[in-house]
Amino acid sequence: MIQMQAFKRGAWTAYRWLLDVFMPPQCVMCGRVETWLCDGCVQKLPLFTGPFCSRCGRPWEGSPTCRVCQTKPLSVSPIRSAYLFQGNVRDLLHAFKYRGGKSMVRQLARPMAQAWRELGMHGNALVPVPLHPRRLDQRGYNQAEILARGLAHELGIPMLRALERVRDTPSQTRLNAQERRKNVAAAFTYTAGDLLVGKYVTLVDDVATTGATLDACATVLLAQGVESVSAFTLARAP
Ligand SMILES: [Zn+2]
Ligand SMILES: [Zn+2]
Numbered sequence: 000m001i002q003m004q005a006f007k008r009g010a011w012t013a014y015r016w017l018l019d020v021f022m023p024p025q026c027v028m029c030g031r032v033e034t035w036l037c038d039g040c041v042q043k044l045p046l047f048t049g050p051f052c053s054r055c056g057r058p059w060e061g062s063p064t065c066r067v068c069q070t071k072p073l074s075v076s077p078i079r080s081a082y083l084f085q086g087n088v089r090d091l092l093h094a095f096k097y098r099g100g101k102s103m104v105r106q107l108a109r110p111m112a113q114a115w116r117e118l119g120m121h122g123n124a125l126v127p128v129p130l131h132p133r134r135l136d137q138r139g140y141n142q143a144e145i146l147a148r149g150l151a152h153e154l155g156i157p158m159l160r161a162l163e164r165v166r167d168t169p170s171q172t173r174l175n176a177q178e179r180r181k182n183v184a185a186a187f188t189y190t191a192g193d194l195l196v197g198k199y200v201t202l203v204d205d206v207a208t209t210g211a212t213l214d215a216c217a218t219v220l221l222a223q224g225v226e227s228v229s230a231f232t233l234a235r236a237p
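Residues in the sequence shown are numbered consecutively from 0, following numbering that gives the first Met the number 0.
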């Protein structure tokens, strides 16, 4: 079993190496080679500073909270994001998740920290949304964790791996809000002892869509005595 896993990991490493040779990194915005995102382009991306729902952070005008939050508020609040998930940010997220994450975080951590401050976020600890070990093995990195680590470094707030993903949930891209909630319920367990009791915790992930994954994580943290759970993501789906 362990040999099989080592073989699979080796095969994935070789595959990624071949991809880099035959399809080298290219800036997702201007096409410049040898980088997934160049310094000039990242500065052109507008931060998402509103208008948004005061709780879930989706684009929203008028009343302080959106219709979803008025009827079925999530236990994670507020959710805020550095960028809106559209245009170049879509390509950026894809490259970040599947190939260039480790190098892109160097360019993304600073604007994320700037957005964090401009949006008035605060917290005692950053907790990345975990990947299931099987997926981590395939991908080689957890995109949420490298974001959290980069952001923690910029902000001077500790990052803590406080959650584990115990169920490998199927992809959520085709599911609606209710199906997503069901899909991720009981997918996470808490692993940080009493370190976060009474603390203000911020979950970190690459993208917020319905908030179902963040909410499932928040439910686990709150049950352990965490004082409050907010979330900060690289991008917000409309
Ligand atoms: Zn560029
Ligand atoms: Zn809302």
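From the three backbone atoms N, C-alpha and C, an ideal C-beta is built for every residue, glycine too.
Practice task
Look at the alpha carbon of ALA222 and the alpha carbon of LEU83, and state the distance between them as a whole number of angstroms.
Solution key: For ALA222 and LEU83, the distance between alpha carbons rounds to 31 Å.
Exercise for the section: May I have a chain-ordered list of the alpha helix (DSSP H) segments no shorter than 4 residues that lie completely inside the region 104-177? Expected result: 132-138 and 142-154
Exercise for the section: Check whether the Cβ of GLY39 sits closer than 7 Å to any heavy atom of ligand 1, and report yes or no. Expected result: yes
Handout entry: Beta-carbon contacts of VAL104 that lie in its chain and below 7 Å, excluding the five residues immediately before and after
Key = ILE145, LEU146 and GLY149
Handout entry: Residues near ASP38 by beta carbon distance below 7 Å, same chain, minus five either side
Key = When the five nearest sequence neighbours on each side are left out, the beta carbons in the same chain lying within less than 7 Å of the beta carbon of ASP38 are those of GLN106, in order along the chain.
Practice task
Could you check the C-alpha separation between HIS152 and ASN175 for me, to the nearest Å?
Solution key: HIS152 and ASN175 have their alpha carbons spaced roughly 35 Å apart.
Exercise for the section: Please report how far the alpha carbon of GLN113 lies from the alpha carbon of MET120, in whole angstroms. Expected result: C-alpha separation (whole angstroms): 10 Å.
Exercise for the section: State yes or no: is the C-beta of LEU73 within less than 8 Å of the C-beta of ASP205? Expected result: no
Exercise for the section: Give me every residue whose Cβ sits closer than 6 Å to any heavy atom of ligand 2, in chain order. Expected result: CYS52, ARG54, CYS55, ARG57, THR64, CYS65, VAL67 and CYS68
Exercise for the section: Tell whether a beta-carbon distance below 8 Å holds between VAL200 and VAL88. Expected result: no
Handout entry: Segment limits, alpha helix (DSSP H) that includes ASP90
Key = 87-94
Exercise for the section: Under the assumption that ALA124 contacts VAL27 (Cβ atoms under 8 Å), give the Cβ distance between them as a whole number of angstroms. Expected result: ALA124 to VAL27, Cβ: 31 Å. No contact.
Problem - MET22 versus CYS29 - alpha carbon distance - result: 16 Å
Handout entry: VAL128 beta carbon less than 8 Å from that of CYS55
Key = no
Handout entry: Pick from GLY9, ALA184, LYS198 and ASP136 that is closest to ASP317, judged by C-alpha positions
Key = In the structure displayed, the chain extends from 0 to 237; residue 317 sits before or after that span and is not available.
Exercise for the section: Evaluate GLN85 with the Cβ neighbour count: other Cβ atoms within 10 Å of its Cβ, from every protein chain shown; 16 or more gives buried, anything less gives exposed. Expected result: exposed
Practice task
List the endpoints of the continuous alpha helix (DSSP H) containing LEU213.
Solution key: 211-222
Problem - Contact check, ALA234 vs SER80, beta carbons under 8 Å - result: Closer than 8 Å, so yes.
Exercise for the section: Measure the Cβ-Cβ separation of LEU195 and ALA161 and say whether it is below 8 Å. Expected result: yes
Problem - Cutoff 6 Å; reference ARG31; Cβ partners in own chain excluding five residues on either side - result: CYS37
Practice task
Using 7 Å as the cut-off, classify the Cβ of MET28 as near or not near the heavy atoms of ligand 1, replying yes or no.
Solution key: yes
Practice task
Run the proximity test for ARG134: is its beta-carbon closer than 7 Å to any non-hydrogen atom belonging to ligand 1?
Solution key: ARG134: no, Cβ never under 7 Å from ligand 1.
Practice task
Using 7 Å as the cut-off, classify the Cβ of ARG166 as near or not near the heavy atoms of ligand 1, replying yes or no.
Solution key: no
Handout entry: For SER53 and PRO237, the rounded distance between their alpha carbons
Key = 14 Å
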